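Numbered by this note's numbering, the letters in the sequence shown go through residues 9 to 488 in order.
The beta-carbon is built from N, C-alpha and C at its ideal position, and this holds for glycine as well.
Please read these numbers as outputs of a predicted model, since none were measured by experiment.
Quick notes on the structure that follows.
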Amino acid sequence: MNPAATAPASDLPLPSTGRGNEGEGCSCPRLTYSPHPSLLLSHFLLFLVLSLASASARINVTSLPGRDSVQLTIYNSADLTLVRETRLLTFRKGLNKLEFSWANTLIDPTSVEFRALTAADQVEVLDVSFPPRVTNTLEWRIQSEFAGEVTVEIRYFTSGISWSADYVAEVNQPEKLMQLAGNVRVNNNSGEDYENTQVRLVVGTIRLVEDIATLATSHAETERGQRAPQSFTRAVVVEKAKKEMSSLALGDDRLADAKGEKQKAIAKESLSEYFLYTVEGRDTIPTGWGKRLPSFSTAGVPIVSLYKFERERWGQQVMRYLSFTNSAAAQLGKEPLPDGRVQAFRARTPDRLFAYLGATAVKYIPINESVELELGPDKEVLVKPTLMNWEKTNLAFDGNGNVKGWNLKESWTLELQNSRDIDIAVDLRRNFRGDWSLTTTAAYEKVDANKVKFLIPLKPREKREITYELLTRLGTNATR
């Protein structure tokens, strides 16, 4: 249902005074009532009073026409959308009443705001009330100093509208470069149709104390059947976040309507800790609507084919990754990349016959940050750790002849094999416990107190071996 202003309940047609189903074959008992003439007179006078009251209630009531324009500012980190709609109203001089309804939608009634865009100094909202016996409706009393047309804006939060990002990575045959294309998908499940709509997509995190959907469905009548007062706690409690939302929505409408069926562009700009994507032109977005729009496409992005092995995480499997950086040097870095799903393909022939590599989800990628795309296990790269020898040394005994301290010396061989036809790098991690020390000729990096990392480059079809000795001091021999 389109949120709209209608005449108050008193403006609705009076119930019919006909007798209904008479003559339709009803077999139920019927009670015939013949009122006294004095009661007929009383009923007539009461009907006259109600009619006069209804006529009086129609004075200065403004009906809301259709929207002239709509702007949706959609957050992807929360079920939250700020709607800004404009309409052209005709006011009478003096007091006007305007009703706004939102039945069958997910609009947050505590967030609805009204303001005049033209003649703002001559149009004033006196108060807002919730009429009794009418659900999902509020009424503004508006004082106008002149009679004529006024462009007004109505703003509110709603839920049920979301957007998400997805990416397609096309990797060249040597797996040195890729073309990365980004898309955004907008879905409307709010129960509300939006026409002539400008869509804005926001990357950023906002904190809510209550979900908008909860507020939309829980704003009901009190136990006595009366409308609750308007002093509700707003869903967005962080004032800074609210100002950011407003500033996003109140920006200039710089993009004209799209012509024909040409591909839409998405303009991007930074605002504080948020990043704003503005979809070119306007769209009609009925409820249940979903649309995929291109965001960017960049070729020549440098990548690294990276393989990881860590027995404690993946057992004997070697996991495959593609790594790149969201930076200007990598042909990217113009804006942060929102979290989304990445599908990766690799060119198998020079004429760009692609093979599917896999898909993964990525988190938000800030500018100048690196990301690793996990593509699952790869059987063409093998890592095999083998314990070659071990011995206990430096035994220490207590007064009863029991061993209280000793050293454990282990000799390990790490076999690596690259069966692929490209250069790769293997990130091989080993975990140790206790008071340990490592002796090896291979370069390694200490990740934390109990983990080391070997980064080993491999040529196509290459096999390599790495050896190391691990000394672990146990019992009273331990120094840490």
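Within the segment 155-193, no run of alpha helix (DSSP H) reaches 4 residues while sitting entirely inside it. Note that the segment 297-307 touches the segment 177-193; at least 3 beta-carbon pairs, one per stretch, sit closer than 8 Å. Going by C-alpha positions, K316 is about 28 Å away from P358.
For the options T480, A433, E318 and S198, the alpha carbon positioned closest to that of E470 is the one of A433. About 5 Å separates the beta carbon of E418 from that of L478, a gap short enough to meet the 8 Å contact definition. By the Cβ criterion, the segment 198-208 is not in contact with the segment 318-333, since fewer than three pairs of Cβ atoms, one from each stretch, lie closer than 8 Å. Between the C-alpha atoms of L340 and Y372 there is a straight-line separation of about 14 Å. Collapsing the DSSP output to three states places W414 in a strand. With contacts defined by Cβ atoms closer than 9 Å, V120 and L97 do not form a contacting pair. E93 and S172 have their C-alpha atoms some 23 Å from each other.
Rounded to whole angstroms, E399 and S313 show a C-alpha spacing of 38 Å. Assignment of P468 by DSSP, reduced to helix, strand and coil, places it in the coil class.
A direct Cα-to-Cα measurement between F154 and P73 gives close to 19 Å. For a cut-off of 8 Å, the C-beta gap from A367 to R354 is around 13 Å, too long to register as a contact. N196 and A86 have their alpha carbons spaced roughly 14 Å apart.
Contact between T166 and V91 holds, with the beta-carbon distance rounding to 6 Å and staying under 8 Å. Beta-carbon to beta-carbon, R488 and K461 are separated by about 21 Å, too far to satisfy the 8 Å threshold. Collapsing the DSSP output to three states places Q206 in a strand.
Under the DSSP assignment, E320 falls in the alpha helix (DSSP H) whose first and last residues are R319 to W322. Within a 10 Å sphere around the beta-carbon of N84 sit 16 or more other beta-carbons, which makes this residue buried.
DSSP, read as helix, strand or coil, puts A367 in strand. Secondary structure at A355: strand, using DSSP grouped into helix, strand and coil. In the three-state reduction of the DSSP assignment, A127 falls in the coil class, being assigned neither a helical nor a strand state. For M396, the CB contacts under 7 Å within the same chain, skipping 5 residues up- and downstream, are S419, W420 and T421 in chain order. CA-CA distance, R441 to R163, rounds to 59 Å.
Inclusion of I150 and L80 in the CB contact set at 9 Å is not warranted, their separation being larger than that value.
Counting the other Cβ atoms within 10 Å of the Cβ of R356 gives fewer than 16, which makes it exposed.
Separation of K459 and R290 (C-alpha to C-alpha, rounded to the nearest whole angstrom) is 54 Å. Taking 3 residues as the minimum length, the beta strand (DSSP E) runs contained wholly in the segment 385-433 are 389-405 and 411-426, in order along the chain.
For V136, the pairing in a beta bridge is given by DSSP as W148. Looking from the CA of T295, the closest CA among A369, G199 and L114 belongs to G199. In the DSSP annotation of this structure, G341 is not part of any beta strand (DSSP E), being labelled neither H nor E.
Within 10 angstroms of the beta-carbon of D116 lie 16 or more other beta-carbons, which makes it buried.
In the DSSP assignment, V142 is bridged to no other residue. Straight through space, the alpha carbons of W414 and Q351 are spaced by roughly 52 Å.
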